[in-house]
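Here the structure is laid out as structure tokens; the discussion comes afterwards.
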Amino acid sequence: MNPTLLSELSLVGLAAAVAAGAAIDNDSAIIDMAGYEGVIFMTSIEDSVATGVATLTVEQSDANSGAAMAALAGAVATLTSGVNDDLNGKLLAVDVYRPRERYLRVNRASATANIAYGAVTAIRYGARVLPVPDGGASGDLVSVTSPAEA
């Protein structure tokens, strides 16, 4: 077994980038937490306008259904733009350890002025079975140990 971090994590793309808007309300796909201890959700801010508020909120449910989702207390990352472009390239991230319900997703929101978001990535960790099988679902994930120069 290759003892790198990738062999212990599951990386999942949950949502595509969202164009700039002052009233974004965008839900990601739902992720199943069965077999994992926790998950980190993250998204980048691609563009920001002064006074724009960017928010990433984690929601959960015991059913694999968007209609049943409810926001988690304290599971919110927020940044407010002071001047145009000051948040560009910054990350919003929320780490949920041992969620009480099996299914999670995130909501990206904006308020007051335009915010544009990059894609949402979920990193599940604490797998009960290692190595974590990927089956190509995440893309091309490469892990090397003591590599020689190319």
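So the sequence shown is numbered by my numbering: it starts at -11 and just counts up by one. Virtual Cβ for every residue (Gly too), placed ideally from N, Cα, C.
For residue j and residue i, the rounded distance between their alpha carbons
i       : j       : result
Val117  : Leu(-7) : 14 Å
Asp35   : Glu89   : 33 Å
Val26   : Asn72   : One detail in the question is off: residue 26 reads as Gly in this sequence, not Val. Approximately 35 Å, taken between the alpha carbons.
Tyr91   : Leu60   : 12 Å
Leu(-3) : Ser32   : 20 Å
Asp83   : Ala56   : 21 Å
Ala42   : Leu67   : 5 Å
Ala65   : Leu44   : 5 Å
Asn52   : Ala4    : 20 Å
Ser131  : Gly40   : 38 Å
Ala11   : Pro(-9) : 44 Å
Val46   : Leu129  : 26 Å
Ala115  : Ala136  : 30 Å
Ile28   : Val108  : 10 Å
Gly133  : Ser(-5) : Before going on, a small fix: residue 133 reads as Thr here, not Gly. So the two alpha carbons sit approximately 12 Å from each other.
Gly62   : Val0    : 23 Å
Which of helix, strand or coil DSSP assigns to residue i
i      : result
Gly40  : coil
Leu75  : coil
Ser151 : Coverage of the chain is limited to positions -11 through 138, which leaves residue 151 absent and any answer about it impossible.
Glu34  : strand
Gly70  : coil
Gly9   : strand
Glu137 : coil
One or two residues paired with residue i in a DSSP bridge
i     : result
Glu47 : Ala59, Arg93
Arg65 : Residue 65 is actually Ala in this sequence, not Arg. According to DSSP, Ala65 bridges with Leu44.
Gly1  : Thr109
Leu80 : Thr31
Gly54 : DSSP, once it has assigned bridges, lists no residue as partnering Gly54.
Gly26 : Tyr85, Tyr113
Report task. May I have a chain-ordered list of the beta strand (DSSP E) segments no shorter than 3 residues that lie completely inside the stretch 82 to 133? Result -> 91 to 99, 103 to 113
Requested in this report: Kindly confirm or deny that the stretch 3 to 20 and the stretch 67 to 81 touch, where touching means at least three C-beta pairs closer than 8 Å.
Outcome: no
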